[in-house]
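One structure is given here, and the rest of the page talks about it.
Numbering (our numbering), first residue to last: 5 to 699.
Okay, here's the thing in structure tokens:
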């Protein structure tokens, strides 16, 4: 390893030598594509481990030279030090909620006899590991209240383990489930259903996952005795899961392949219970909202790109018997939940939430009045009329309210107190025009009274994929950037769900370039309107957003001074070969689909389009985790190695590889603070910011 840092973070770097293998060349319908860093795909090799160690040494030394990095970390620590809670939920007559007292690595689950009772710790995941890297992903209570099952993930992995305990004594039972993945815990009788794969053959972090099964586990028996409830040997790439209705009458079986799913139902009151089609096909997203003795209520995009609520009579369970309860509207129907004898419907208008209440016949009753533009999370149950919700925005942390379902009034329950003044900031929503004339919306959050002089440090964030909407939500990590005079810009790109399925589809497969064009147009608009300029503009995104950043800086490196692609999909030719990468084909297409598709993917793949002709690239910080088994770290490894070998100017091209960390879910607070200090320190340094915070 060789590194040179002479007193300044901006000194010319020497990167670790990365071996190339010119013999590795793939053939895609006659197109020859070299892959000289293929060896970095082996996460178990000693050579890869040494490469990771050498890269982290360079990156760590570089980031520590940023003058205000420690001050930024201290400021982030103070900002994260606030009590935050989740909305209560009711199970078996008691209330539960998650709470973090500030710097706990994982939120703790509390129990209350009543809403005014003193909360007691029910389950503390911080006691499940010494370093906070075991995350609690789900807790499910048996219908009789005797047991609870909890699901954990280790080091950010998507692999899950399930444990069962006595609810009264918290004594662990012998039951222990391994190799569960993308699973819930659905109780029925004296056991529960879960979803799992067979134990991986080879690396558990990169081996391809196939043949997803639904299994039934009976309490007190070994996992080896678990019964297969459903599997599909003809379709190894399908996902399968079940839900059990509250009255345990219906078992709903979901089959999916990326975007879109079908639903089957088994009526346990039938003489010979067997699965029957409830919603056919894989073309649309759908899900069971609730069921009663009259109907099964289903949220669906079928024949409704902005979604609707339908019902199928219990006495005539056929897809053809479905009738509309709440029709498709002008805004996207983003979600439906049952609360007693009401439906709470969350509409999304221009990427912000607007919840409304309907009766069971689909009659509009009222809109829930929110304190501003933002996002809501609803906690409700068909079993009772108690409703709680959380509201947040870019500068409002999750605030909890109770809803009087009868009259629509809300009461404040818990409001976090942070060490910053949200009144100093404002969020505006703007509209700009993309390359093909499409209008795109964007949120801008900044200090009040900024001057549009082209000199404001600006961070442009985007995602643009998988039918995911970016609505305003709070994260303490952006506050120091805003305090230092920065503008945080979030573009609602095509590929998301902000305007329904048509908006999503317009950013998929052979239309993926639309997403990059939307992001580029956002940057150009910010510059044209004199909010910022290229030397004051950075871009950031994670996962599919990491792909977005990588593709964008290849196409328009002149627009940015810094770029941070996090856990990105960087090799579009081989992404489908690892873990569940094949599941993304609905959005991306695959390189083995056709020559036309392979050519399209190759034309924007971040790994394959890095310029090597002296074109100046922005400073780039690539981030990944060594336990990321969703977007495997090989994507980032090969991308960073290619960047470092290319002639792209003197700005640094470094990679930060976190240990015992995955795709992001369940990451301990301590690791989050370290990561954000590095990411935002890197961005702010390369935008020329010299922030100071009170100690």
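Note that the Cβ used here is the ideal one computed from N, Cα and C, for glycine as well. Just so it is clear, the structure is predicted and the values come from calculations on it, not from any experiment.
Reduced DSSP category for residue i - H, G, I as helix; E, B as strand; rest coil
| i | result |
| --- | --- |
| residue 63 | helix |
| residue 661 | strand |
| residue 507 | helix |
| residue 9 | The predicted model places residue 9 with a pLDDT of 33, which falls under 50 and marks its position as unreliable; any figure quoted below should be read in that light. Three-state DSSP puts residue 9 in coil, outside helix and strand. |
| residue 524 | helix |
| residue 31 | strand |
| residue 52 | helix |
| residue 569 | strand |
| residue 273 | coil |
| residue 406 | strand |
| residue 346 | strand |
| residue 43 | helix |
| residue 182 | strand |
| residue 450 | strand |
| residue 603 | helix |
| residue 228 | helix |
| residue 540 | helix |
| residue 491 | strand |
| residue 428 | helix |
| residue 550 | helix |
| residue 586 | helix |
| residue 610 | helix |
Straight-line Cα distance separating residue j from residue i
| i | j | result |
| --- | --- | --- |
| residue 778 | residue 105 | Look at the range of the chain in this structure, 5 to 699, and you will see that residue 778 is not part of it. |
| residue 686 | residue 550 | 16 Å |
| residue 611 | residue 605 | 11 Å |
| residue 53 | residue 637 | 12 Å |
| residue 2 | residue 483 | Given that the chain is displayed from residue 5 to residue 699, the structure contains no residue 2 and the question cannot be resolved. |
| residue 192 | residue 250 | 10 Å |
| residue 271 | residue 265 | 20 Å |
| residue 290 | residue 309 | 12 Å |
| residue 689 | residue 70 | 7 Å |
| residue 34 | residue 603 | 11 Å |
| residue 185 | residue 160 | 13 Å |
| residue 148 | residue 96 | 8 Å |
| residue 635 | residue 140 | 21 Å |
| residue 581 | residue 587 | 10 Å |
| residue 42 | residue 25 | 8 Å |
| residue 577 | residue 237 | 26 Å |
| residue 575 | residue 296 | 47 Å |
| residue 402 | residue 383 | 13 Å |
| residue 93 | residue 392 | 8 Å |
| residue 83 | residue 375 | 22 Å |
| residue 573 | residue 322 | 40 Å |
| residue 614 | residue 560 | 11 Å |
| residue 584 | residue 211 | 9 Å |
| residue 267 | residue 673 | 38 Å |
Below-8 Å beta-carbon distance, residue i vs any chain B residue
| i | result |
| --- | --- |
| residue 133 | Any reference to chain B falls outside this structure, which holds one protein chain only. |
6 Å Cβ shell around residue i - same chain, five flanking residues per side excluded
| i | result |
| --- | --- |
| residue 567 | 543, 553, 557, 622, 624 |
| residue 368 | 362 |
| residue 46 | 52 |
| residue 641 | 44 |
| residue 336 | 310, 352, 504 |
Residue range of the alpha helix (DSSP H) that includes residue i
| i | result |
| --- | --- |
| residue 73 | 73-84 |
| residue 675 | 673-690 |
| residue 487 | 483-487 |
| residue 642 | 638-649 |
| residue 591 | 589-592 |
First and last residue of the uninterrupted beta strand (DSSP E) at residue i
| i | result |
| --- | --- |
| residue 260 | 254-260 |
| residue 359 | 356-363 |
| residue 301 | 299-304 |
| residue 337 | 336-343 |
| residue 416 | 414-418 |
| residue 170 | 163-170 |
Neighbourhood of residue i by C-beta, 7 Å cutoff - its chain only, sequence neighbours within 5 removed
| i | result |
| --- | --- |
| residue 681 | 73, 76, 77, 80 |
| residue 3 | As shown, the chain starts at 5 and ends at 699. That puts residue 3 outside it, with no answer to give. |
Cutoff 8 Å; reference residue i; Cβ partners in own chain excluding five residues on either side
| i | result |
| --- | --- |
| residue 120 | none |
| Is the stretch 519-530 in contact with the stretch 327-340, if contact means three or more CB pairs nearer than 8 Å? | Short answer: they don't touch.
| Is the stretch 276-294 touching the stretch 256-263, taking contact as three or more C-beta pairs under 8 Å? | Cβ pair count under 8 Å is three or more, so yes.
| field | Stretch-stretch touch, CB-based, cutoff 8 Å, three pairs: the stretch 241-254 with the stretch 197-216 | value | Counting Cβ pairs under 8 Å, three or more are found: they touch.
| request: Could you say if the stretch 347-366 and the stretch 478-493 meet the contact criterion of at least three C-beta pairs nearer than 8 Å? | output: As far as the Cβ criterion goes, the stretch 347-366 does not touch the stretch 478-493, which means the pair count is below three.
| Is the number of C-beta pairs between the stretch 590-597 and the stretch 647-664 that are closer than 8 Å three or more? | Contact between the stretch 590-597 and the stretch 647-664 is absent, because fewer than three Cβ pairs lie under 8 Å.
| query | Per the contact definition of three or more C-beta pairs closer than 8 Å, is the stretch 339-355 in contact with the stretch 391-411? | reply | Yes, since at least three Cβ pairs between the stretch 391-411 and the stretch 339-355 fall closer than 8 Å, the two stretches touch.
| field | At least 3 beta-carbon pairs within less than 8 Å: the stretch 423-434 vs the stretch 444-453 | value | As far as the Cβ criterion goes, the stretch 423-434 touches the stretch 444-453, which means the pair count is three or higher.
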